Amino acid sequence: MTAQTPPTPPFRDPHLPFAKRIDDLLRRLTLDEKISFLHQFAPAVERLGVDAFRTGQEALHGVAWMGPATVFPQAVGLGATWNTDLVRRIGEAVAKEARSMRARDGRVGLNVWSPTVNLLRHPLWGRNEEGYSEDPLLTSAIATAYTRGLRGEHPVYWRTAPVLKHWLAHNNETDRATSSSSVRPRVLHEYDLRAFRATVEAGAVAGVMPAYNLVNGRPNHVSPYLREQLRTWTDEDLLVCSDAGAPSNLVDSEHYFATHEEATAAALRAGVDSFTDHGTDSTEIVGRVKRAYEQGLLTEADIDTAVRRQLSVRFRLGEFDPRDDPHAGSKDFDTPAHRALAQEAAEQAIVLLKNEGLLPLARDARIAVVGLLADECKLDWYSGTLLHRSTPLEGLYERFGAERVRFAEGVDRVRLKTLAGTFLHVVPSDAADEARGAGGALDPALLAGRTDLPALTTDAVGTEFALTDWGEGVLTLRAPDGRYLSVAEDGRVRASADQPGGWVVQETFRLEPHDGGHLLRHLGTGRHVCVAADGVEVADADPETFELVVTERGEDAVAGAAAQADVVLVVAGNDPHINGRETEDRTTLRLPAHQERLLRAARAANPHTVLALTSAYPYAVGTEALPAVLWSAHGGQAAGTALARVLAGDVSPAGRLPQTWYAADADLPGLLDYDVIGGRQTYLYFEGTPLFAFGHGLSYASFSYDDLSVRIDGAAVHVSFTVTNTGDVTADEVAQLYARAVEPSVPRPRRELVAHRRITLAPGAREDLAFQVPLSAFEFWDVARGGRRLEPGPYELLAGASSADVRLRTTVLLDGEPGAPRPVRRLGLDAADFDEQSGAAIVDRTRTSGDAVTPADGRSAELVYRDCDFGDGVTEVTVSVAGEGIVDLSLDGGAPLASLSSQGIASGDPYARTTLRAGIVAEGVRDVHLRLREETGFTHFGFAGWGAGGRRRGGPAPEDNGAGPLRRVAREPDR
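So, in structure tokens, the structure goes:
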């Protein structure tokens, strides 16, 4: 007999819809196999021929962590391009390189954890470099373009599967795993959700990653918004991947659940489908899920739901159809097109902040290039390894010729002298083995005369180190061969690092005054540098006291180079691994003092000084005495070439600021103040004068705006105008359209971006621009009705070159739905639906849903609810609270009508609610003012009384009809 080929299982049949194939595969998997899929590293199921799979591949601005790849500008730099077509092409290139790298290395994943769409609300956020903009519309436009490029255009199979980071309201690294972002409903719907929503609705997103923080007292990994918001925006099976270690945080640091089984089950039920925890070791997560299932905290249906979403992504990536997958076998890697694209992106990301005619530079200019970043091409935590490298110095050498360019880095040249009179000395590395005596210790006798050992010792002359102070006293020390002092796992100090870096940076130190000299503290370990007979190490005891011997001050070198040049380029900024990065927020907007010294020295020596800031975030830097200032994010592999071409005038700069540059730290809100409306934050609400406004950026050309026309049709406002290049060079312009409500009934943005377009115009050329702005863009979240509302009335439309450079304006009248007073006698008031607040924090009503409001400082908070309609009268108020405190109620800001106390009554359970009642008299439309005192967790209040004709309305009868003290108390468990 001839053996028959076994039939192809339905899940392998490419002619069937994915849904049916997933159903078939799910039926074939055992419960244990399905549970094993819930960890980031899902194992293979050999009996079914299913391969192992991992979620997660970093690809923020190029494929990261997997070796060499094309490195594009940082995400905030891509935001500064304001160019969605460019960003889409970059996403496509990144996805092609991911596919190509995977063909060579199966560890490269296709479920890419990018882009980051957290809004850049606060410029001191350490991860500012990862986001696109402070504006939700611009953020979603750039994010949508990048995800479309990552996904690809094939109608069935995806090139990569993008996951958006980090859901939700995540904008601080300080206490990021335990802090709670208090987000009122208006901010939630008008600001934080918007960037996610528009990108998800565009259809190129495979999922999201929840952030470490809590929102309104509830961890994002058990957020009801995953179900109530995210999954309602699309019919796709979105995959929710936890952030690394976050599932364990629910118990270990947040203490939100008592056991890991409860936490894991709660996260899975809330919508987390893949658990990133304990690295590649899946045993902890698998064990927790199994125990949760055995304890009845999960059902197999819960597990199936999560596995189904994972399989949906895997099918879309073509894993089960290798012959039909059009992206398989891609070889597009480091192509000429990708290299050109990296340069184009770096050029388009440069923002000209100020120019008094010094730029572009004359062709025969003698240029001094100075500053700590003048010969650097810095990477960040989410960069790939450079295949190509271009620093500002190299770019200027190439463009202007080495003979016309002078260089001074501006580091301080120092020697570190011990109390014994010897100096720290770097011994280079070839002789490491030969210089070790018995037991492996370095033998000072064998070190004498050796120049090839990177360990440190001491001698009579010592090594001259390049000292850079990056701000706040955080410094690096670099040996003459270019390697940084670093500390290895054995505690030894060696000159061994090409650059500062790593999850814990081992190349940073601090000089601490001590006994007439300095101790040298290593920041990575917290230990001091010690000198012993067998070398230099960090230890807890016997620190060495050093005298800092300065052999050259950085400003002297800078001044010398500047004085001999026609123009000086000062390249300043940050190292993305120091003072502002993941896990570490900045403390100030100020430029580090070391770099301020260099800038002053250059300017004093030569008034023709250009400041080029290369940084992951804005600075508050004095620009009054500077004739020209530029900014770019770290621009990737082509940064230096791009900067040189802009300085030379080969390219007219057209980047635009994606966030406000504030003039001083005093302009900033608190880092944890997420109420952009009440705190008057971002360009939307900020009432001060910024250093540079949102959308700002200059050009070597000039542009006129004319012929503004507006037409209202159906569900949109159609706006058109013309832009003409009135200059003498071809240049890009970024036309921006803003809107504002002229007579709003509630605080609205001072102006809000509703459309933009980047265009290229030759001298004299003119382009007609047309925008279709949906009426929904003019809506706001009406807390009185719990939904969006278009308020009727006049709206101003503003067209121009930035949020502060308006060239054309007109006013339109829009029809909408008039507001109405809140029917509080029938519906009462939910605590979080306030119109104004002071000192309040929103917290969780239960572990699964609902909000409460409490004093943020545990002492007092003020809440105002406008236009509350009491009809023809109420005679009782009921207040639902948790904890022990007092609620004072007044109308229109007058004297308190009732003071309700739960002191001595509330239980110790933070989720057990107590209902307090008191008699009041109120009628008509009034503003309700509440003052919360002490540990009050207020969730809701209602009103009751007799209406016309003496008929009871709104609740049970009170015990009297007048304003009075507390009358009845009932405790209601609220789980």
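In this note's numbering, each number is its position in the sequence shown, counted from 1, plus 3.
All residues carry an ideal CB built from backbone N, CA and C; glycine is no exception.
Small disclaimer: the values here were computed from a predicted structure and weren't measured.
Using a Cβ-Cβ cutoff of less than 8 Å, which residues in the same chain neighbour E264 once the five nearest sequence positions on both sides are dropped?
Within the sequence shown, residue 264 is the residue found at index 261, counting from 1. Answer for E264: R291, R294, A295, Q298, L300, listed in chain order.
Rounded C-beta distance between Q313 and S277? I'm assuming under 8 Å.
Taking the first residue of the sequence shown as position 1, residue 313 is located at position 310. Taking the first residue of the sequence shown as position 1, residue 277 is located at position 274. That belief holds up - the Cβ atoms of Q313 and S277 are roughly 6 Å apart, short of 8 Å.
Could you name the residues of the same chain whose beta carbon sits closer than 6 Å to that of E839, not counting the 5 residues immediately before and after it, in chain order?
Taking the first residue of the sequence shown as position 1, residue 839 is located at position 836. Closer than 6 Å at the Cβ level, and outside the excluded window around E839, lie V867.
Mind checking who G922 pairs with in its DSSP beta bridge?
Within the sequence shown, the letter at position 919 stands for residue 922. Its beta-bridge partners are E879.
Is the separation between the beta-carbon of V496 and that of V464 shorter than 9 Å?
Stepping through the sequence shown from its first residue, residue 496 is reached at position 493. Stepping through the sequence shown from its first residue, residue 464 is reached at position 461. Between V496 and V464, the gap from beta carbon to beta carbon reaches 9 Å or more.
Which of the three DSSP states is assigned to R179 in this structure?
For this step, residue 179 is matched to residue 176 along the sequence shown. In the structure shown, R179 sits in coil (DSSP, three-state: anything other than H, G, I, E or B).
From this set, G625, I581, E794, which residue's C-alpha is nearest W506's C-alpha?
For the purposes of this step, residue 506 is taken as residue 503 along the sequence shown, with counting starting at 1. Checked all of G625, I581, E794; the closest Cα to W506 is I581.
Pick helix, strand or coil for F260, following the three-state DSSP scheme.
Indexing the sequence shown from 1 puts residue 260 at position 257. DSSP places F260 in coil when its eight states are reduced to three.
Thinking C-alpha only, which one of F706, R760, G529 is nearest V732?
As a working mapping, residue 732 is identified with position 729 in the sequence shown. Nearest C-alpha to V732: F706.
Selection from D26, H192, V111 that minimises the alpha carbon distance to D836
The residue labelled residue 836 in the question sits at position 833 within the sequence shown. Of the candidates D26, H192, V111, the residue whose Cα lies closest to the Cα of D836 is H192.
What does DSSP give as the partner residue(s) for T119 in the beta ladder?
What you label residue 119 is simply residue 116 of the sequence shown in a count that begins at 1. Beta-bridge pairing by DSSP links T119 to K168.
Cβ contact check for the segment 546-555 and the segment 520-535: 3 or more pairs under 8 Å
yes
Using only CA atoms, which one of S635, V856, L572, T692 lies nearest to R936?
Against the sequence shown, residue 936 aligns to sequence position 933. Comparing Cα positions, the closest option is V856.
Would you kindly report the start and end of the unbroken beta strand (DSSP E) that includes V757?
Within the sequence shown, numbered from 1, the residue matching residue 757 stands at position 754. Here the beta strand (DSSP E) through V757 covers 755-764.
With three or more C-beta pairs closer than 8 Å as the rule, is the segment 846-860 touching the segment 803-812?
no
For L399, which residues in the same chain have their Cβ closer than 7 Å to its Cβ, ignoring the five residues on either side in sequence?
Position 396 of the sequence shown, counting from 1, holds the residue named residue 399. So the list reads I370, V372, V408, A647, once near-sequence residues are dropped.
Mark G979 as exposed unless 16 or more other C-beta atoms lie within 10 angstroms of its C-beta, in which case mark it buried.
Past the edges of the chain, shown from 4 to 978, lies residue 979, and the structure says nothing about it.
Given this structure, state the Cα-to-Cα distance separating L894 from E926, to the nearest angstrom.
Taking the first residue of the sequence shown as 1, we reach residue 894 at position 891. Taking the first residue of the sequence shown as 1, we reach residue 926 at position 923. Taking the straight line joining both Cα atoms gives about 10 Å.
Under DSSP, the alpha helix (DSSP H) around I288 begins and ends at which residues?
Position 285 of the sequence shown, counted from the start, is the residue given in the question as residue 288. Counting along the chain, the alpha helix (DSSP H) containing I288 begins and ends at 286-297.
Which partner residues does I715 have in the DSSP bridge list?
Taking the first residue of the sequence shown as position 1, residue 715 is located at position 712. V720, per the DSSP bridge assignment.
Give the single residue among G494, L674, V429, A411 whose Cα lies nearest to the Cα of R556.
The residue labelled residue 556 in the question sits at position 553 within the sequence shown. Cα-wise, what sits closest to R556 is A411.
If L772 sits next to E782, beta carbons under 8 Å apart, how far is it from one beta carbon to the other, in whole angstroms?
Numbered from 1 along the sequence shown, position 769 holds the residue referred to as residue 772. Numbered from 1 along the sequence shown, position 779 holds the residue referred to as residue 782. Between E782 and L772 the Cβ distance is about 24 Å, and since that is not below 8 Å, they are no contact.
Per-residue burial, H258 [other beta carbons within 10 Å of its own, 16 or more giving buried]:
Counting from one through the sequence shown, the residue named residue 258 turns up at place 255. Exposed, since its Cβ has fewer than 16 Cβ neighbours within 10 Å.
Of the listed residues S245, D238, A568, nearest to L364 (C-alpha basis):
Along the sequence shown, read from residue 1 onward, the residue named residue 364 stands at position 361. Comparing Cα positions, the closest option is A568.
Compute the distance between the beta-carbons of A604 and A565, then report whether it is under 9 Å.
Numbered from its first residue, the sequence shown carries residue 604 at position 601. Numbered from its first residue, the sequence shown carries residue 565 at position 562. Yes, the pair counts as a contact, with Cβ atoms nearer than the cut-off.
With DSSP run on the structure shown, which of helix, strand or coil describes R751?
Working through the sequence shown from its first residue, we reach residue 751 at position 748. DSSP places R751 outside both helix and strand once states are collapsed to three, so it counts as coil.
Leaving out five residues before and five after D709 in sequence, what residues of the same chain have Cβ atoms less than 6 Å from its Cβ?
Taking the sequence shown and counting its residues from 1, one reaches residue 709 at position 706. Here the set comprises T725.
Hey, how far is the Cα of A768 from the Cα of E736?
As a position in the sequence shown, residue 768 is number 765, starting the count at 1. As a position in the sequence shown, residue 736 is number 733, starting the count at 1. Roughly 12 Å separates the two Cα atoms.
Which residue comes first and which comes last in the alpha helix (DSSP H) that contains N252?
Counted from its first residue, the sequence shown places residue 252 at position 249. Note, N252: alpha helix (DSSP H), 249-255.
Segment limits, beta strand (DSSP E) that includes P431
Position 428 of the sequence shown, counting from 1, holds the residue named residue 431. 426-431 is the span of the beta strand (DSSP E), which, as asked, contains P431.
What is the DSSP secondary structure of Y677, reduced to helix, strand or coil?
Residue 677 sits at position 674 when you count from the first residue of the sequence shown. In this structure, Y677 counts as coil in the three-state DSSP scheme.
Given L764 as reference, the closest of A704, Y688, G888 once Cα atoms are compared:
Within the sequence shown, numbered from 1, the residue matching residue 764 stands at position 761. The shortest Cα separation from L764 among A704, Y688, G888 belongs to A704.
Where F941 and S883 are concerned, what is the direct C-alpha to C-alpha distance, given to the nearest angstrom?
Locating residue 941 in the sequence shown gives position 938, where the first residue counts as 1. Locating residue 883 in the sequence shown gives position 880, where the first residue counts as 1. Cα to Cα, the separation comes out at about 6 Å.
When you compare the segment 34-48 with the segment 133-143, are there three or more beta-carbon pairs, one atom per stretch, that lie closer than 8 Å?
no
Segment contact flag, the segment 635-654 with the segment 594-601, C-beta cutoff 8 Å, min 3 pairs
no
Selection from G700, S182, S499 that minimises the alpha carbon distance to V632
As a first step, residue 632 must be located in the sequence shown, where it is residue number 629. If we check each option's Cα against that of V632, G700 comes out closest.
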